[in-house]
């Protein structure tokens, strides 16, 4: 072969398609089309269905994977109900969504497992509107709840397992009829919606579903997830296309290439600049500024859905359902039209939503519109209007305890659990409790449970206890939970029990004058409405006379002293006091009618008291079987004074006598070195009924700390206390625990809690919710809020066991026998009478 032939063959073999096209364009295109036709004819029947199947499989596989990722994220989802505070901070929503940007996952995790999203919901019903936040299970518990409470100070959150906003299943015989839709941005997502309003923009949305029937419900969902990476770059490309005037979507740009349009040709260079409309220039400049401002901060991919549903009879025909659907569509139009308020550079348009009930229940976010934090906050926030009808609002704002407040331990009385931030126990140290505790709150607010928990802490630690309970529930709750090892230490006065009670003789005591003064003061205050100086003179003289007699005097001897001459004359032989003798001389000189008249006011009170078996057995049953000194040194005295069993006056008198005897025992601790005095506690429920003592309450509170006796005084409202007593408790019971208070009381109590807790907070405390201002290291610390803990479960049979063991304290002690004056049989007062 010649060299020329070799070169030609080489050139033929290695000729490229480009060279063929350049040498003969028409022939090259014809050859290419011929080759494609041959391949299509030969391989088309096989490759076509395969490519279609592969494409379909890829689409279905991607949908399956996206649904699987959502299901995994939604496992364990929870629903957080947001209770609005009294005053809503308009900037709270921006703070919340800025905080929730922390939900972003690392890039590789987002690609494999997806990015979690949240759902802000407005749920409308006949009862009003509820604001809720749906959180996927992968969001750490408490994270969003704390962010919400931090964004809106004073807001409360209630977390429950997630459930559909509109039940998918209807009651028997009913069916769910619903309409719904989506709101999508009508223009490029690079352009923002309006987010600056002089008034709350949600106002129109909240007013749209007003007047819902009992079986109707409306829901608006704003689904949002923080974005970054490729999604953010896509938004930037859209912004560039908006600036150049081209379409922001791929299909639109392809059409721009093949169809004439104003922005397709480049302007010719000319010495004279074209005249541009000034309004257009301003509009383009404004768009540039808002696009740059929107892309400057963090962004969320969002989707807005709504649905309105009602119940119809399951046998209703389609024509019969038509009016119902028209009614629902009208409500749906009202909800959709409320989003017109956000129109500015961008606006929302309505899109059909198939299967609205299922879509709202799944809460699945595939793709959506990009919004800045300010735009999202304008859509999803707690309504700022204070007069939104039916909006679930929080009561008192949650305030964390100051540093140093005790948590738990052997030297701490449990108070409750904090309701803000990380939940932890809070309590009052025993040393600080000596500054006394004032508990105030309405009936049923939780005072008794709090006191029972404090009592159980004291009992378990071996501290002495005296509990005055005029209703009975407090002592009953305590008996059902006391450790059985403490049964023999219990001294139980129970007005409802048929068993023999312990005896606490009020006429016993080392100091005659003090004992008589205490008892006279109690009688005069309990029966203040019908008490006079002559009645007090007769009672005092009679009690002093009984104290002069040998043996143990009892109150049952007083009627005999006043009405039986023989008994009285024999008693006078034991008296050496001239003043007391002069009183009885005057008394004996009265005629029978006059004597009966002057003693009648006292006798009707004594009879009303002593005719009750429990009172006669516990106060006049002989010598005392209870040593209050021993009680304060580690025993437990429970006084259950049922008003139904005793009557109000008798219950007040017995309770006051026990308080007086407790205080006398406390003052006797002055003989013991201070380091050897054991801590003891006196709990008085409805304390205004039992502080009828001969000495000022403020002095008693001030001195009790030195005797290491702490007092816990509980009642319902301030006007139950006389002015002097109210002032004394306000000053000297330094630890305050306030349950729900009336507006009048809140106005006074706010002086102790302001500025952290206002009058509104004190009047809107929920059940078992407290505002506390405690003493810490002898100093009052700022107030805080907490929730009291429930009592541990009652132990079956424990109350009966404690009552049985406590009977040991009803046995008589080795004391002198009751007063019995030696007299001849002829002078027996019963015979003389």
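Residue numbers (my numbering): 101 to 933. In this text, a Cβ means the ideal position worked out from N, Cα and C, and glycines have one as well.
Between residue i and the rest of its own chain, which residues show a CB-CB distance below 8 Å, the 5 nearest in sequence each way excluded?
{"i": "residue 863", "result": "840, 841, 842, 843, 846"}
{"i": "residue 718", "result": "593, 601, 602, 603, 604, 754"}
{"i": "residue 490", "result": "227, 228, 229"}
{"i": "residue 425", "result": "277, 279"}
{"i": "residue 198", "result": "398, 473"}
Report the option in the options whose CA atom is closest to the CA atom of residue i.
{"i": "residue 618", "options": "670, 573, 790", "result": "790"}
{"i": "residue 736", "options": "484, 168, 331, 591", "result": "591"}
{"i": "residue 897", "options": "581, 126, 124", "result": "581"}
{"i": "residue 451", "options": "398, 281, 418", "result": "281"}
{"i": "residue 501", "options": "313, 751, 881", "result": "881"}
{"i": "residue 722", "options": "233, 912, 878", "result": "912"}
{"i": "residue 454", "options": "404, 279, 498, 423", "result": "279"}
{"i": "residue 577", "options": "123, 866, 890, 637", "result": "890"}
{"i": "residue 244", "options": "270, 216, 200", "result": "200"}
{"i": "residue 427", "options": "415, 449, 311", "result": "311"}
{"i": "residue 444", "options": "398, 419, 460, 386", "result": "386"}
{"i": "residue 414", "options": "270, 253, 251", "result": "270"}
{"i": "residue 703", "options": "167, 634, 231, 302", "result": "634"}
{"i": "residue 47", "options": "627, 759, 660, 388", "result": "No information on residue 47 is available, as it lies outside the stretch 101 to 933 that the chain covers here."}
{"i": "residue 259", "options": "129, 249, 622", "result": "249"}
Quick one: Cα of residue i to Cα of residue j, how far?
{"i": "residue 263", "j": "residue 516", "result": "31 Å"}
{"i": "residue 192", "j": "residue 569", "result": "47 Å"}
{"i": "residue 745", "j": "residue 493", "result": "43 Å"}
{"i": "residue 894", "j": "residue 533", "result": "27 Å"}
{"i": "residue 556", "j": "residue 583", "result": "9 Å"}
{"i": "residue 184", "j": "residue 222", "result": "13 Å"}
{"i": "residue 295", "j": "residue 470", "result": "14 Å"}
{"i": "residue 395", "j": "residue 478", "result": "17 Å"}
{"i": "residue 313", "j": "residue 480", "result": "25 Å"}
{"i": "residue 755", "j": "residue 748", "result": "11 Å"}
{"i": "residue 127", "j": "residue 141", "result": "21 Å"}
{"i": "residue 639", "j": "residue 631", "result": "11 Å"}
{"i": "residue 887", "j": "residue 656", "result": "48 Å"}
{"i": "residue 645", "j": "residue 785", "result": "35 Å"}
{"i": "residue 692", "j": "residue 680", "result": "20 Å"}
{"i": "residue 161", "j": "residue 422", "result": "38 Å"}
{"i": "residue 701", "j": "residue 596", "result": "28 Å"}
{"i": "residue 865", "j": "residue 529", "result": "24 Å"}
{"i": "residue 573", "j": "residue 677", "result": "48 Å"}
{"i": "residue 684", "j": "residue 560", "result": "52 Å"}
{"i": "residue 598", "j": "residue 903", "result": "12 Å"}
{"i": "residue 507", "j": "residue 764", "result": "33 Å"}
{"i": "residue 974", "j": "residue 513", "result": "Given a span of 101 to 933 for the chain in the structure shown, any question on residue 974 remains unanswerable."}
{"i": "residue 732", "j": "residue 778", "result": "8 Å"}
{"i": "residue 119", "j": "residue 139", "result": "23 Å"}
{"i": "residue 458", "j": "residue 402", "result": "19 Å"}
{"i": "residue 411", "j": "residue 392", "result": "48 Å"}
{"i": "residue 671", "j": "residue 558", "result": "46 Å"}
Excluding the 5 residues flanking residue i on each side, which residues of the same chain have their C-beta closer than 6 Å to its C-beta?
{"i": "residue 438", "result": "304, 305, 308"}
{"i": "residue 726", "result": "591, 602, 604"}
{"i": "residue 285", "result": "446, 469"}
{"i": "residue 562", "result": "734"}
{"i": "residue 807", "result": "766, 769"}
{"i": "residue 540", "result": "838"}
Tell me which residues share the same chain as residue i and place their Cβ nearer than 7 Å to its Cβ, disregarding the 5 neighbours each side in the sequence.
{"i": "residue 99", "result": "The requested residue 99 is not part of the displayed model; the chain covers only 101 to 933."}
{"i": "residue 84", "result": "Because the chain here runs from 101 to 933, residue 84 falls outside it and cannot be looked at."}
{"i": "residue 743", "result": "570, 751"}
{"i": "residue 518", "result": "500, 501, 524, 526, 886"}
{"i": "residue 234", "result": "177, 179, 218, 219, 221, 262, 463"}
{"i": "residue 545", "result": "839, 840, 867"}
{"i": "residue 511", "result": "529, 530"}
Can we say the region 793-807 touches the region 819-831, given the rule of at least three CB pairs closer than 8 Å? Segments in contact, yes.
Whole runs of the beta strand (DSSP E) within the region 699-746, excluding any shorter than 3 residues: Correct list: 736-740.
Can you list the alpha helix (DSSP H) stretches of 4 or more residues lying completely in the region 259-335, in chain order? Within the region 259-335, the complete alpha helix (DSSP H) runs of at least 4 residues are 302-307.
Are the region 424-434 and the region 234-241 touching by the rule of at least three beta carbon pairs closer than 8 Å? Verdict: no, contact absent.
Unbroken stretches of the alpha helix (DSSP H), 4 residues or longer, contained in the region 642-680: Counting whole runs of 4 or more residues, the region 642-680 contains the alpha helix (DSSP H) stretches 657-663, 665-672.
Using 8 Å as the threshold, is the region 853-873 in touch with the region 496-513, meaning 3 or more CB pairs across them? Per the Cβ contact rule, the region 853-873 is in contact with the region 496-513 (3 or more Cβ pairs under 8 Å).
Would you call the region 401-414 and the region 314-330 in contact, with 3 or more CB pairs under 8 Å? Touching, yes, given that three or more Cβ pairs across the two stretches are closer than 8 Å.
Which runs of the alpha helix (DSSP H) spanning at least 4 residues fall entirely within the region 470-500, listed in chain order? Taking 4 residues as the shortest admissible run, the region 470-500 contains the following complete alpha helix (DSSP H) segments, listed from N- to C-terminal end: 473-479.
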